[in-house]
Amino acid sequence: MGKDYYKILGVDKSAGADDIKKAFRKKAHEFHPDKAGGDEAKFKEANEAYQVLSDPKKRAQYDQYGSTFEHAQSRGGFSGFGDFSNGFNVDAEDLGDIFGGIGDIFGFGGGRQGRQRGGNDIQTVLTIDFAEAVTGADKEISLRKKVKCSHCHGNAAEPGTKIETCKVCSGSGRVTRVQRTILGNMQVQTACTACGGEGKTYAQKCRRCSGTGVVFETVNLRVRIPAGIDDGESIRLSGEGEAGEKGAGAGDLYLRIRVRPDKRFERADSDIRSGATVSFTQAALGDKIDVETVEGPVELKIPAGTQSGTVFKLRGKGMTRLRGSGKGDHYVEVTVDIPKSLTKKQKELLKEMGL
Ligand SMILES: [Zn+2]
Ligand SMILES: [Zn+2]
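Residues 862 to 1216 in this note's numbering are what the sequence shown lists, from first letter to last.
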């Protein structure tokens, strides 16, 4: 069985990034091993859950593969999962300043300065109607994210000013020093301090983005929701995540879909279940009834002698299969409505028939 990361952090499946971070901080605070009453195993477990749920890509995979997640992982089916058993892999930034020096405890060294990173993956939730899950839909979403600065087109320099190759490191971003140690002279490579490891120097940084190449903006996106999508599934929109700094590539956007339930239908994968009530006479003599399916009413033949609880299958009247082809089936469970009160004449007739 896979672990229930949502349960471990005590959050709902629809929890947003902020809720997850908040829940993790609370758990980390509660179980921190350096605290009286701390619990190292639980702390590790909370951290493991957080590593997955805070990363939109890992969370989407976890949601999709559910309890088979660990299995798939051990087969090497996923890339990008950290080695959870390998001690603490806490990101000090995620913990905030609750524990002053947690970074030191776990041996975080150095900063991120100088590394040119691609943009972050981001996640957002979109709720759609059941009918939209049936047919698919074009939706417009609005989200605030880091986008490439339009003033400098992401290159971080004020337009018209010069970008030059760093003279100190000749553009490599790294400098080699020779350090004398008791073992002899050692070559040590460090990030170039003159250019911050970037290899470039700017005559004037872009005024709009302060030389980062990115700005926060509210962006509208049109998204095609495929027919058959189920509650809790995610759609990956490649390159629609946050723009990377100084022109680096953008991350991906994971759109988590919530589907509003429809009281008439119960869904299990691509199959639909519903109920229908027929009269005692219809069940005994047979009849045709209209059954509401996701694509409208369909005629269902009730054979004579149908018992209460009988399930009929309407082949291919379920949801579109998101993976694979065709559609699921619609199952109708029939309930026979036995009359609660009968007239004297009806009773006599039934007795006469021996029913
Ligand atoms: Zn700019
Ligand atoms: Zn340099």
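We treat Cβ as the ideally placed atom computed from N, Cα and C, and that holds for glycine. Note that this is a predicted model, so its numbers are computed, not measured.
- Note: Gly1045 is bridge-paired with Thr1042 in the DSSP secondary-structure output.
- Here the residues close to ligand 1, judged by CB distance below 5 Å to any of its heavy atoms, are Cys1010, His1012, Cys1013, Cys1067, Arg1069 and Cys1070 in chain order.
- Just measuring C-alpha positions, the residue of Gly1102, Lys1188, Thr1022 and Gln1207 sitting nearest Asp1130 is Lys1188.
- Collapsing the DSSP output to three states places Gly1185 in coil.
- Under the criterion of beta carbons closer than 8 Å, Gly1170 and Asp1190 do not qualify as touching, at roughly 18 Å.
- Residue environment for Val1049: exposed (fewer than 16 other C-beta atoms within 10 angstroms of its C-beta).
- Non-local beta-carbon contacts of Asp873 in its own chain, meaning distances under 8 Å to residues more than five positions away in sequence, involve Tyr867 and Asp880 in chain order.
- If you check the C-beta of Val1029 against ligand 2, you find a heavy atom less than 7 Å away.
- Annotation: the continuous beta strand (DSSP E) that includes Glu1194 extends over His1191 to Asp1198.
- Within the chosen limit of 7 Å, ligand 2 does not reach the beta carbon of Gly1112 with any heavy atom.
- When C-beta atoms of the region 1070-1090 are compared with those of the region 1052-1061, fewer than three pairs fall below 8 Å, so the two segments do not count as touching.
- Contact check between the region 1115-1125 and the region 1033-1049: fewer than three CB pairs, one atom from each, fall below 8 Å, which does not count as touching.
- For the pair Phe904 and Pro894, the CB atoms are nearer than the 8 Å cut-off.
- Here DSSP, grouped into helix, strand and coil, assigns Val995 to helix.
- Remark: fewer than three beta-carbon pairs, one from each stretch, lie closer than 8 Å, so the region 1003-1018 and the region 1139-1149 are not flagged as touching.
- Restricted to the region 1060-1116, the beta strand (DSSP E) segments that are unbroken, complete and at least 3 residues in length are 1061-1063, 1075-1086 and 1095-1098, listed in chain order.
- Non-local beta-carbon contacts of Lys919 in its own chain, meaning distances under 6 Å to residues more than five positions away in sequence, involve Val913 in chain order.
- In the DSSP assignment, Ala889 falls outside any beta strand (DSSP E) and lies within the alpha helix (DSSP H) extending over Ala878 to Phe892.
- Shortest gap from the CB of Ala889 to any heavy atom of ligand 2: 7 Å or more.
- Judged by beta-carbon spacing, Glu1194 lies within the 8 Å limit of Arg1134, meaning their Cβ atoms are closer than that value.
- Proximity of the beta carbon of Ala1055 to ligand 2 is indicated: a heavy atom of the ligand is located closer than 7 Å.
- Check the Cα spacing between Asp999 and each of Leu987, Phe892 and Thr1042: the tightest is with Leu987.
- For Phe1173, DSSP records a beta bridge to Val1193.
- When DSSP reads this structure, Lys1206 sits in no beta bridge, so it has no partner.
- Distance from the CA of Gly1110 to the CA of Gly980, rounded to the nearest whole angstrom, comes to 6 Å.
- Cβ contact annotation for Gly1100 (same chain, cutoff 7 Å, sequence separation greater than five): Ala1111 and Asp1113, in chain order.
- Two segments are said to touch when three or more pairs of C-beta atoms, one from each, lie closer than 8 Å; by this definition the region 1075-1082 touches the region 990-1010.
- Between ligand 2 and Gly1093, a heavy atom-to-CB distance of less than 7 Å is absent.
- Of the heavy atoms belonging to ligand 2, at least one sits nearer than 7 Å to the Cβ of Gly1060.
- Relative to the non-hydrogen atoms of ligand 2, the Cβ of Gly1072 never comes closer than 7 Å to any of them.
- In the structure shown, Asp924 falls within a helical segment according to DSSP collapsed to helix, strand and coil.
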